[in-house]
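Structure, as structure tokens:
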Amino acid sequence: MQGHSQAFVKHRVSRITRVYDTAPEDLTDLAAKVRACRICRDSPGMAPLPHEPRPVLQVSGLARLCICGQAPGTRVHASGRPFTDPSGDRLRRWMGIDEQVFYDAGRLAIVPMGFCFPGLDAKGGDLPPRPECRNAWHDRIFAAMPRLELIVLIGQYAQAYHLGSARKKSLTETVASWSEILNGTRSAGRPALLPLPHPSWRNNAWLKRNPWFEAELVPVLQSQVARLTS
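Terminal number for the sequence shown in the working numbering: 232, no gaps in between.
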């Protein structure tokens, strides 16, 4: 286990060094550019977004905690505010905070892997986050938030971006390794990482099969959130 943890730390430092070696930009200007972004409509890397883009994020140079999720759904696309849906209600319960704390950008940043609602698949589920957001913006945004101490990784897309090859073979394995990941990614000047499943109702069966998540991980999450948002 010790050798595995050392290998994980080595990978983690390499990955985050690449992100933070990006020249820091003014975060206010950068967020305005993201909100005005129309790459997925005007010069997409795949089929263009079938509706008007509406990028959604919440950032501040003061935040010590960041939620890195998937992409807005239909309700968030309509509201223009992250997690204004049942998934957000469950996430706030997991975190042990109310909307006042959750939507305080000075205490909590929210950076989804896709800033715009990607559309629905043939079964009515949300499509994956658009890759244009990650390619154009994510390294720059995280480089502009140097005070971050913890990034909560919600779902496989956020875990793939932040963990890279250190991610496990499945989401269940990755989340089950939360203690190893949290402790293995702590280093001076770098935010630690904590993987979570998506709080969508679609994961109700997963939560029933994995009771350890709410029994073991959620209390640690709440403790970290309380410390970083106080």
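Even glycine gets a Cβ: it sits at the ideal position worked out from N, Cα and C.
Note to self: Taking the alpha carbon of proline 88 as the reference point, which residue from Ala228, Gln224, Asn205 has its own alpha carbon closest?
What the structure shows: Your numbering for residue 88 matches position 86 in the sequence shown. When each option's Cα is compared against that of proline 88, the closest is Asn205.
Next item on the list: Just tell me which of Ile183, Ala25, Pro221, Leu230 has its CA closest to the CA of glycine 166.
Entry: Numbered from its first residue, the sequence shown carries residue 166 at position 164. Here the closest residue by C-alpha is Ile183.
Next item on the list: With a threshold of 16 other CB atoms inside 10 Å of the CB of threonine 176, please say whether the residue is buried or exposed.
Entry: Position 174 of the sequence shown, counted from the first residue, corresponds to residue 176. Threonine 176 comes out buried.
Next item on the list: Leaving aside the five residues before and after arginine 149 along the sequence, list all residues of the same chain whose C-beta is less than 6 Å from its C-beta, in chain order.
Entry: By one-based count along the sequence shown, residue 149 stands at place 147. These residues qualify, in order along the chain: Arg66.
Next item on the list: Could you tell me if valine 58 is buried or exposed, where buried requires 16 or more neighbouring beta carbons within 10 angstroms of its beta carbon?
Entry: On the sequence shown, residue 58 is found 56 positions in, with the first residue counted as 1. When all chains shown are included, valine 58 counts as buried.
Next item on the list: Could you round the C-beta distance between glycine 116 and glutamine 60 to whole angstroms and report it? I think they count as a contact, below 8 Å.
Entry: On the sequence shown, position 114 is the one that residue 116 refers to. On the sequence shown, position 58 is the one that residue 60 refers to. Going by Cβ atoms, the distance from glycine 116 to glutamine 60 rounds to 15 Å, so no, they are not a contact pair.
Notebook entry, point to check: Apart from the five residues just before and just after valine 103, which ones in its own chain have a Cβ nearer than 8 Å to its Cβ?
Noted result: To locate residue 103, count along the sequence shown from 1; it is residue 101. Within the same chain, valine 103 has close Cβ partners Arg109, Leu110, Thr231.
Next item on the list: Return helix, strand or coil for proline 197, following the three-state DSSP convention.
Entry: Stepping through the sequence shown from its first residue, residue 197 is reached at position 195. Reduced to three states, the DSSP call for proline 197 is strand.
Notebook entry, point to check: Can the beta-carbon of proline 197 be found less than 7 Å from the beta-carbon of glutamate 151?
Noted result: On the sequence shown, residue 197 is found 195 positions in, with the first residue counted as 1. On the sequence shown, residue 151 is found 149 positions in, with the first residue counted as 1. Result no, Cβ atoms of proline 197 and glutamate 151 do not sit closer than 7 Å.
Checklist line | Outcome for histidine 164 when other beta-carbon atoms lying within 10 angstroms are tallied against a minimum of 16 | finding: Counting from one through the sequence shown, the residue named residue 164 turns up at place 162. So histidine 164 counts as buried.
Notebook entry, point to check: Between the C-alpha atoms of glycine 126 and glycine 186, what's the straight-line distance to the nearest angstrom?
Noted result: Here residue 126 is taken as the residue at index 124 of the sequence shown, counted from 1. Here residue 186 is taken as the residue at index 184 of the sequence shown, counted from 1. Computed Cα separation, rounded: 38 Å.
Check: Are valine 36 and tryptophan 180 closer than 7 Å when you measure CB to CB?
Finding: Locating residue 36 in the sequence shown gives position 34, where the first residue counts as 1. Locating residue 180 in the sequence shown gives position 178, where the first residue counts as 1. No, the pair does not count as a contact, with Cβ atoms beyond the cut-off.
Note to self: Using the three-state DSSP reduction, which class does serine 225 fall into: helix, strand or coil?
What the structure shows: On the sequence shown, position 223 is the one that residue 225 refers to. Reduced to three states, the DSSP call for serine 225 is helix.
Note to self: So the candidates are Cys118, Arg83, Ala38, Pro221; which of them puts its Cα closest to the Cα of threonine 101?
What the structure shows: Position 99 of the sequence shown holds residue 101. The amino acid at residue 101 is misidentified as threonine; the sequence shows glutamate. Of Cys118, Arg83, Ala38, Pro221, the residue nearest in Cα terms is Arg83.
Check: How long is the line joining the alpha carbons of aspartate 44 and arginine 142, rounded to whole angstroms?
Finding: Locating residue 44 in the sequence shown gives position 42, where the first residue counts as 1. Locating residue 142 in the sequence shown gives position 140, where the first residue counts as 1. Near 21 Å, if we compare the C-alpha coordinates of arginine 142 and aspartate 44.
Item checked: When Gly98, Leu129, Asp128 are compared against leucine 219, the one with the closest alpha-carbon -> The residue you call residue 219 lines up with position 217 of the sequence shown. Per the Cα distances, Gly98.
Next item on the list: Would you tell me roughly how many angstroms separate the C-alpha atoms of valine 78 and alanine 168, rounded to the nearest one?
Entry: Looking up residue 78 in the sequence shown gives position 76. Looking up residue 168 in the sequence shown gives position 166. One C-alpha to the other measures close to 31 Å.
Notebook entry, point to check: Once you ignore the five residues that flank tryptophan 208 on each side, which residues in its own chain have a CB closer than 7 Å to its CB?
Noted result: Taking the first residue of the sequence shown as 1, we reach residue 208 at position 206. The residues are Pro199.
Notebook entry, point to check: Using 7 Å as the limit for Cβ to Cβ distance, is glycine 116 near chain B?
Noted result: Of the chains in the structure shown, none is chain B; there is only one protein chain.
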